[in-house]
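Chains as they are written, first to last, in this note's numbering: chain A, 1 to 464; chain B, 1001 to 1237.
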């Protein structure tokens, strides 16, 4: 054990003395992070929606290049041949390399997270799950990194083979390019690249409900990791003069295929747009508490009974900021990017003829219209989601008497779970995708937008 | 008495070619045993089998009574070795190498003592890649000694060394012998073999063709050791 510790520490020291290893191990992940941030720099928060991706890139880089390069270059120069003369089992040396690599990988990820936090990324929703997901994903890919190390004879071959795995995983494996941006055939193909499962498990821990919904992802990663480790152990060689037992490669690759087939059979191929389903609280969270020793006033029994006094009790300052990720809203004088103007025009043009926006019940009509703003918010549709609420507000004002609209908005905001929600599945006419899963998150965003418009019509929010 | 090394009918084939073909010999404690022969005779393959770098096809190897094939780690703990080429990480320093390698042995020699003994004190914190060829070979030797071995295996250790380093190495070998340790020395250098070895095995085409003291090998021939060995290995002038 002392020898293992010595060797691991030595591996770390030697890595820190290698300028290229440092650049590749630490700078490369940071560059990737900054790239993600730069793409979405107009909003301070979406970085968290890419956390699964940039952590997976870091793990993949370490597994496809860092680990095998270390092993292969040392084996090429006869270092491992010299190690073999030492009185220790072979696993000691492999374990030391893996331990050192795990430490390097963990520190690189921590550095990446630190920079992400500095750039405004919020704390992950499930930090403990994130740690577990990171460990499992690292195990999966380092296992395969060992296979690469055993398979090839020299460092250029590591680079070549590593790129053959790394790049497809990034481009069509759901790691760098979001699955929902990929065509259907690529979404199917991505099931055979374990990077997808790493991204999903990490992302569920960062912004979702945690690993309780990532059983398949974790199983897929564990199985690919075990297969890689077993294959690498069987292919292990101290000296490049000995040929690896390449047949064992079939086990590692076969597991990727088996996991992909299992995922296909479970219907996991097609991915809807990413949904940001974070809890936004209940309407009570946005109502100011009554003064001490006073009972809370009764809520109005119907929307027509809503008074200014009811509206004055809304704590508009508790609403998420317009510049944030939840219920974002453009400024009134803000000019959209020309690239999204056609999308906004399409929505504006389709609004008057949209049947759910013309139903006779004014409350249901307003609910339906607000869902047009809520869905792009849930789907994180980047620039578009900030401008759609303005179009909806204008339409609401056009189809609702001015004295009724504040009351209706108050009613919707205070009763987000009432009414029909079928309209949120009828947004194709606006060029908006359908959403999947429970409708409660959409109702939560409808509530927030109702509050935000109400605050502009009858409250303190500036209507700029 | 337990021999430091006992090799019995050792065989190893490389494809259809018998690189080592039924070799047997033994080395006693305090003995320097030379393995001489032309390139490709099977010296290095024999040594690689002894050290566990290559798996023999047949035969047995015992190091200080330990079956090296059944208990390779126990055998390696009693053995120090210098290969023809020693690979170490570029950035490792002599001190770090000795410390780390020493951690694998039950009773390692003191790193400072080894640095001093092998003239590496001044270079103790220099990166391996910055050492001269001679300094690298000194470090290889120091690493072979770090576990305080009962058996020292040297595969052409003086190849490429300057005369001073060669003399230093000979002194180290003599010191090992004086300390009761066994040395297996594979070399091309007849003078070196004659000066250091108590006994010599001449190997050709994977077989031992003669064994004896240098004096026994040349006795009655009137020729030099080099001529005798060239004759034995089929390379006579």
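Where a beta carbon is used, it is the ideal one built from N, C-alpha and C, also for glycine.
Contact list for residue i against chain A, beta-carbon separation under 8 angstroms
i	result
residue 1099 of chain B	6
residue 983 of chain B	Lying before the first or after the last residue shown, residue 983 of chain B is absent from chain B, which here runs from 1001 to 1237.
residue 1086 of chain B	78, 82
Buried or exposed (CB count within 10 angstroms, at least 16 for buried), residue i
i	result
residue 1009 of chain B	exposed
residue 320 of chain A	buried
residue 185 of chain A	exposed
residue 1172 of chain B	buried
residue 183 of chain A	exposed
residue 1002 of chain B	exposed
residue 45 of chain A	Confidence at residue 45 of chain A is low in this model, with a pLDDT of 43, below 50, so its placement is unreliable and the value that follows should be read with caution. By the neighbour-count rule (16 or more Cβ atoms within 10 Å), residue 45 of chain A is buried.
residue 205 of chain A	buried
residue 53 of chain A	buried
residue 454 of chain A	buried
residue 1237 of chain B	Unreliable placement is indicated for residue 1237 of chain B, whose pLDDT of 43 sits below 50; no coordinate value is reported for it.
residue 1044 of chain B	buried
residue 440 of chain A	exposed
residue 283 of chain A	buried
residue 3 of chain A	buried
residue 1177 of chain B	buried
residue 452 of chain A	buried
Closest residue to residue i among the options (Cα-Cα distance)
i	options	result
residue 57 of chain A	A:191, A:97, A:181, A:200	A:200
residue 1034 of chain B	B:1172, B:1190, B:1185	B:1185
residue 1142 of chain B	B:1107, B:1080, B:1161	B:1080
residue 400 of chain A	A:216, A:359, A:284, A:147	A:359
residue 280 of chain A	A:301, A:236, A:310, A:326	A:326
residue 1071 of chain B	B:1057, B:1050, B:1030, B:1087	B:1050
residue 18 of chain A	B:1122, B:1018, B:1089	B:1089
residue 1148 of chain B	B:1083, B:1157, B:1180	B:1180
residue 154 of chain A	A:233, A:375, A:73, A:291	A:73
residue 308 of chain A	A:408, A:175, A:16	A:408
residue 35 of chain A	A:25, A:21, A:20, A:51	A:51
residue 228 of chain A	A:78, A:210, A:247, A:452	A:247
residue 444 of chain A	A:156, A:431, A:429, A:367	A:367
residue 1031 of chain B	B:1047, B:1076, B:1199	B:1199
residue 1196 of chain B	B:1187, B:1203, B:1202	B:1187
residue 1227 of chain B	B:1094, B:1159, B:1036	B:1036
residue 438 of chain A	A:450, A:417, A:448	A:417
residue 361 of chain A	A:420, A:1, A:448, A:181	A:420
Inter-residue Cα distance where the pair is residue i and residue j
i	j	result
residue 129 of chain A	residue 101 of chain A	21 angstroms
residue 323 of chain A	residue 329 of chain A	7 angstroms
residue 541 of chain A	residue 461 of chain A	Here chain A comprises residues numbered 1 to 464, so residue 541 of chain A is not present and cannot be evaluated.
residue 223 of chain A	residue 214 of chain A	14 angstroms
residue 114 of chain A	residue 1087 of chain B	38 angstroms
residue 1234 of chain B	residue 1005 of chain B	28 angstroms
residue 1052 of chain B	residue 169 of chain A	40 angstroms
residue 363 of chain A	residue 122 of chain A	35 angstroms
residue 1152 of chain B	residue 1082 of chain B	8 angstroms
residue 1224 of chain B	residue 1193 of chain B	12 angstroms
residue 1232 of chain B	residue 1210 of chain B	8 angstroms
residue 1073 of chain B	residue 1107 of chain B	15 angstroms
residue 430 of chain A	residue 376 of chain A	11 angstroms
residue 305 of chain A	residue 108 of chain A	59 angstroms
residue 78 of chain A	residue 125 of chain A	47 angstroms
residue 39 of chain A	residue 14 of chain A	35 angstroms
residue 25 of chain A	residue 138 of chain A	14 angstroms
residue 1075 of chain B	residue 87 of chain A	8 angstroms
Residue i: contacting residues in chain B (beta-carbon distance under 7 angstroms)
i	result
residue 74 of chain A	1089
residue 3 of chain A	1103, 1104
Cross-chain neighbours of residue i in chain B, by beta carbon under 9 angstroms
i	result
residue 87 of chain A	1072, 1073, 1074, 1075, 1076, 1077, 1078, 1079, 1104, 1105, 1106, 1147
residue 154 of chain A	In chain order: nothing, as chain B lies at least about 14 angstroms away.
Partner residues on chain A for residue i, Cβ-Cβ distance less than 9 angstroms
i	result
residue 1053 of chain B	81, 84, 85, 238, 239
Neighbouring residues, chain B, relative to residue i (Cβ below 8 angstroms)
i	result
residue 17 of chain A	1091, 1127
CB contact below 7 angstroms: residue i versus chain C
i	result
residue 212 of chain A	In the structure shown, chain C does not exist; the protein chains are A and B.
> How about the segment 405-415 of chain A and the segment 424-432 of chain A: do they share at least three Cβ pairs that are nearer than 8 angstroms?
Replying inline: no
> Touch check for the segment 238-252 of chain A and the segment 158-172 of chain A: three-plus C-beta pairs under 8 angstroms?
Replying inline: no
> Counting Cβ pairs, one atom from each stretch, are 3 or more of them under 8 angstroms apart for the segment 90-105 of chain A and the segment 7-23 of chain A?
Replying inline: yes
>> Under 8 angstroms, with one C-beta from each stretch per pair, do the segment 76-83 of chain A and the segment 237-249 of chain A reach the 3-pair mark?
In response: yes
> Does the segment 149-157 of chain A come close enough to the segment 63-70 of chain A to have 3 or more Cβ pairs within less than 8 angstroms?
Replying inline: yes
> Would you call the segment 1152-1168 of chain B and the segment 1093-1113 of chain B touching, i.e. three or more CB-CB distances under 8 angstroms?
Replying inline: no
> Do the segment 339-352 of chain A and the segment 386-396 of chain A touch if we need at least three Cβ pairs shorter than 8 angstroms?
Replying inline: yes
> Should the segment 1055-1065 of chain B be regarded as contacting the segment 1123-1143 of chain B, the criterion being three or more beta carbon pairs within less than 8 angstroms?
Replying inline: no
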